[in-house]
Amino acid sequence: MNKKKIIIYQVFTRLFGNNNNACLCGGSITENGCGKMSDFTLRALREIKKLGITHIWYTGIIEHATQTNYTAYGIALDHPAIVKGKAGSPYAIKDYYDVDPDLADDVPKRMKEFESLINRTHNSGLKTIIDFVPNHVARRYRSDARPADVIDLGAGDDMDRAFSPRNNFYYIPQTELRGYFDMQAGALQPYREYPAKATGNDHFDAHPAISDWYETVKLNYGVDYAGGGERHIFPIPDTWGKMLNILLFWASKGINGFRCDMAEMVPVEFWEWCIPLVKSEYPNLIFIAEIYNPSEYHNYLLRGKFDYLYDKVGLYDTLRNITCGYETANAITHC
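Okay, here's the thing in structure tokens:
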């Protein structure tokens, strides 16, 4: 495998240009501020490139659940019980076809602002990476920005079945969600979900705890976990086609790569099918997998067709410990 060395600069987009030094714990966006895509000026990007950087990874671009009210712009309000923090988690995607409105100077023009960011990044000599979060979505996922010919996730699901390869989600039929976390969180009414969906970290009952990824629901790629992990991948599960279309949508914006969140929680057969299809249209696009299980490295690189892998728990945490003086460089050998 002959891969070119790349050096990635990760940035949490909402923090980069936020100069507020008086942030409040639990404060609103009005109180604490938020960086914008426009803060990445051509000058700033060129300075980043001078560090020897080849790619910039803009974390938190795609619209995710938030407690900020954007109903004036046609964006549904999220229930605070299923949003972590005021700003929300960038890994609880609310609309795969939209940009986080927090990052825009002019909310209705947020996609154009993103496209301008991509152009500035390329003009600086850098390439762009964004997150693709394939394993889970926000509990109240609903795409209001999807193309007219796209059927939304869950729109055709049979919610009376715990599992079907034609469903996009997993269900606990005839059971209401009763989480072990604050289901009201200051709202007038508690959050309700019926039937309950499986939670993103493979929690397949109606009682996720506060230590679970309770703000997310698991996507169904044709694996029947309750049925012993049996795979139903022929014919192609409905979720596969929908996720392929999402990848092609963002690739068409001119990005150069995807950092695929928790890639090993999605069956390798999906990547084996999907990545070549995307690369048939965008051959220079790169795919980077977040993998924590060394025994799966070979599988996701060769069979899954990923270009690069990274293991935060193994490599990143080890490098950080070395930098902080907690371990010697010998620890890298055991990553």
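In terms of full-length UniProt numbering, the sequence shown has 304 at position 304, counting the first letter as 1, and numbering is strictly consecutive. Positions of the beta carbon are idealized from the N, C-alpha and C atoms, including for glycine. Here the structure is a predicted model, which is why all the values come from computation and not from measurement.
DSSP bridge partner residues for residue i (one or two, in chain order)
| i | result |
| --- | --- |
| F169 | L219 |
| G257 | I129, I286 |
| L24 | Answer by DSSP bridge pairing: none, since L24 is not bridged. |
| E230 | D224 |
| Y214 | Per DSSP, none; premise fails for Y214. |
| V150 | BP columns for V150 are empty, so no partner. |
| T199 | H203, V217 |
| H136 | K218 |
| A145 | DSSP output for A145 lists no bridge partner at all. |
| A209 | Y180 |
Rounded separation between residue i and residue j - CA only
| i | j | result |
| --- | --- | --- |
| R320 | T13 | 22 Å |
| L219 | N284 | 28 Å |
| F181 | D157 | 27 Å |
| M1 | M262 | Caution applies to M1, whose pLDDT of 47 falls short of 50 and renders its modelled position unreliable; the value that the coordinates give is listed next. About 23 Å. |
| P90 | L45 | 22 Å |
| K279 | I61 | 22 Å |
| E31 | T323 | 34 Å |
| K50 | M37 | 20 Å |
| G27 | V107 | 21 Å |
| residue 347 | C25 | Residue 347 is absent from the model: the chain starts at 1 and stops at 335. |
| N20 | G33 | 6 Å |
| A209 | A185 | 15 Å |
| L42 | A155 | 42 Å |
| P294 | D105 | 42 Å |
| W57 | R140 | 26 Å |
| K5 | Y308 | 10 Å |
| D149 | A206 | 33 Å |
| T128 | I332 | 28 Å |
| H298 | F306 | 10 Å |
| F16 | R146 | 28 Å |
| L103 | G35 | 6 Å |
| E193 | I48 | 45 Å |
| H64 | D144 | 13 Å |
| residue 339 | N135 | The requested residue 339 is not part of the displayed model; the chain covers only 1 to 335. |
| Q10 | I236 | 34 Å |
| G88 | I151 | 25 Å |
| residue 336 | W240 | Because the chain here runs from 1 to 335, residue 336 falls outside it and cannot be looked at. |
| K112 | I93 | 20 Å |
| D317 | E290 | 14 Å |
| E281 | A187 | 46 Å |
| A22 | D238 | 47 Å |
| T68 | L77 | 8 Å |
Extent of the continuous beta strand (DSSP E) to which residue i belongs
| i | result |
| --- | --- |
| K242 | Run containing K242: none in the beta strand (DSSP E); it sits in the alpha helix (DSSP H), 238–251. |
| H64 | 62–64 |
| T59 | 55–59 |
| F12 | 8–12 |
| I93 | 93–99 |
Residue environment, residue i, which counts as buried when at least 16 other CB atoms sit within 10 Å
| i | result |
| --- | --- |
| I53 | buried |
| Q189 | exposed |
| N167 | buried |
| K3 | exposed |
| S252 | exposed |
| Q174 | exposed |
| S164 | buried |
| A329 | exposed |
| A226 | exposed |
| I286 | buried |
| P276 | exposed |
| V313 | exposed |
| G85 | exposed |
| S211 | exposed |
| K109 | exposed |
| I7 | exposed |
Span of the alpha helix (DSSP H) around residue i
| i | result |
| --- | --- |
| F287 | Looking at the DSSP string, F287 is not in any alpha helix (DSSP H); the run it does join, the beta strand (DSSP E), is 286–290. |
| F181 | Where F181 is concerned, there is no enclosing alpha helix (DSSP H), given that its DSSP letter is neither H nor E. |
| L45 | 42–49 |
| V278 | 268–281 |
| L309 | That residue, L309, is in no alpha helix (DSSP H); its beta strand (DSSP E) goes 308–310. |
| K84 | Per DSSP, K84 belongs to no alpha helix (DSSP H) and is neither H nor E. |
| I118 | 110–123 |
| T30 | 29–32 |
| K317 | The amino acid occupying residue 317 in the given sequence is Asp; Lys does not appear at that position. Its alpha helix (DSSP H) spans residues 317–323. |
Inter-residue CB distance, residue i and residue j (contact presumed, cutoff 8 Å)
| i | j | result |
| --- | --- | --- |
| D311 | Y292 | 6 Å |
| R259 | D131 | 5 Å |
| Y97 | F249 | 6 Å |
| L153 | V133 | Contact flag wrong, Cβ pair sits at about 12 Å. |
| Y214 | K197 | The pair is not a contact, with the Cβ atoms about 11 Å apart (cut-off 8 Å). |
| V217 | T199 | 6 Å |
| A81 | M159 | About 21 Å; that fails the 8 Å criterion. |
| V268 | G304 | 5 Å |
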